[in-house]
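Just remember that the working numbering sits 1044 ahead of the position in the sequence shown, which is counted from 1.
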Amino acid sequence: MVVTSLAVLGLAAGARAQPATFDTLGVRAVLERRQSVLDSLLLPESTQLDTAGTATLADSLDQGGAAAVALQRDSVEAAVRRAAKRFDLGFKPLALTTYNRVDGLRAGAGLEPRLVPHTRLELAAAYGFAREKWAWFAAFEAGRRTGPVLRLAWRDLVEPFGPNRGCRSQGALALIAGQDRRDYLRREGWDVGVWAWRRRAARLGARWFDTRDHAVAAATDFYFLGGDVPMQEPNPAVDSGTGRGLVIEGRRGDRLGRATVGGTVGFTGGLAGGDFEFVWQEMDVGLRQVVPGGTLWLAVEGANVGGSPPAQAAAYLGGDGNLRGYDRLEFAGRQRTSARLEYIVGLDLLRRTRIPVVQDLELQFIPFFDAGTTWGTVRAVEGSRGSLEGDARSSVGLGIQRALWIPGAEVVRLDVAYRTDGADSPWGFWLRIVALDEVFGSDED
């Protein structure tokens, strides 16, 4: 009977708020008597306080119990929100996934858990089916993304080297047509560094590294289309060994991408130990200027290597990275300089022809000119022709591209290059799918 009465009173109180002076079942009187006992045991300065929160609880009960429930609900929701700010879990279903002539198909996935604000943990693993080995990567960052940021990374990966290492992975084209146009080594080890300053268009940092390089052989030549293409060429052997040293790197550019400048200074060996002892410096400048009818893009690069560098650290010239139409790593030296000039036509020339079908192709034309040279004798990979000793090499060509507007694959582009040194096979072709910002030469973080 008592339980039924309590339930009825609770439902009635939950339906409408009671007057502030209403004492449900005498709860206020009981609690206030206990309050007075507690307060009498405290110092006089504390007697005005609501010890144990009894008044607040009584007020909530007098409002029919609904306020007490709401109070508890708000407390739980606040705790959940605080926990959510501390923990976040991101999933990268295609991390480290690619296709190349060393790994074959490398399929992987990764996680990005975050336990504390302004920290990030990245974990990724992948299996190379042709090489029959696992690859993995892990990194920890602490600090705001705008810097300063402490970063610690571990890796055991097949990675590209040489001038073409900066080109986007062409895994899809390698699988379809064998167009794997990069050279690879296996690198395992760790590095720790600090990005002292990092913004959208600028960064400056230093890192200490302890890595070991291994030569890797091509493990597959499988592809769906084509024949006698770079996938069938052997991967060049590099010098295996441990490198320990320091790298300082920085980059600066305006927010509109009209100008960028970047540089790297590093050393390995000496007091740091390891199997290699050399120093290197690299610098690049990119300029973009809107002109009548289109956009001009100019990129100038320079590199210097001192000491006794391994074959993979030489200053190479040749290939899609700096001299289109020439073989990858064709020339090597201690110093290298190169320049690339492109004129991006801003008009739809085919639409102006008014020819059916042709006018709807929406193709953009980009004539280009590449040039470069090397100096000094240095150890290089097998097949390299050595130094040019200042004798310049150049190529001219035409890029043809079409917008796809697919995230990560905004443009498909074909470059047709002609080398001007009188070679027996002067023509070269380069088909790729790239992001729009790479087409214009802007920096990617």
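For glycine and all other residues, C-beta sits at the position ideal for the given N, C-alpha and C.
Counting of Cβ neighbours within 10 angstroms places ILE1450 among the exposed residues, the total staying below 16. The C-beta of TRP1474 has 16 or more other C-beta atoms within 10 Å across all chains shown, which makes the residue buried.
When secondary structure is reduced to three states using DSSP, THR1397 falls in the helix class. In this structure, DSSP gives ASN1279 a state outside helix and strand, which the three-state scheme calls coil. About 6 Å separates the beta carbons of ASP1298 and ALA1245, which is inside the 8 Å limit, making them a contact pair.
The criterion of a C-beta distance shorter than 8 Å is not satisfied by VAL1291 and GLY1307. Following the DSSP letters along the chain, one finds LEU1367 in no beta strand (DSSP E), marked with neither H nor E. According to DSSP, residue pairing for ASP1254 in a beta bridge involves TRP1234 and ARG1288.
Under the three-state reduction of DSSP, PRO1353 is assigned to coil, being neither helix nor strand.
Counting of Cβ neighbours within 10 angstroms places ILE1388 among the buried residues, the total reaching 16 or more. Burial is judged here by how many other beta carbons sit within 10 angstroms of a residue's own beta carbon; ASP1364 has at least 16 and is buried. Under the DSSP definition of a beta bridge, SER1428 lacks any partner. Cβ atoms of GLY1377 and TRP1419 come within 8 Å of each other, at about 5 Å.
Under the DSSP definition of a beta bridge, GLN1403 lacks any partner.
Contact check for ALA1347 and GLU1321: beta-carbon distance about 18 Å, past the 8 Å limit, so the pair fails to qualify.
With a threshold of 16 other beta carbon atoms within 10 Å, ALA1447 falls short and is exposed. Beta bridge pairing from DSSP links PHE1413 with LEU1385 and VAL1440. In the three-state DSSP reduction, LEU1391 falls in the coil class, being neither helix nor strand. Listed in chain order, the non-local C-beta contacts of THR1286 below 6 Å within the same chain comprise ARG1256, GLY1318 and ASP1319, local neighbours out to five positions each way being set aside.
PRO1274 carries a helical assignment under DSSP once its states are collapsed to helix, strand and coil.
The C-beta of PRO1278 has fewer than 16 other C-beta atoms within 10 Å across all chains shown, which makes the residue exposed.
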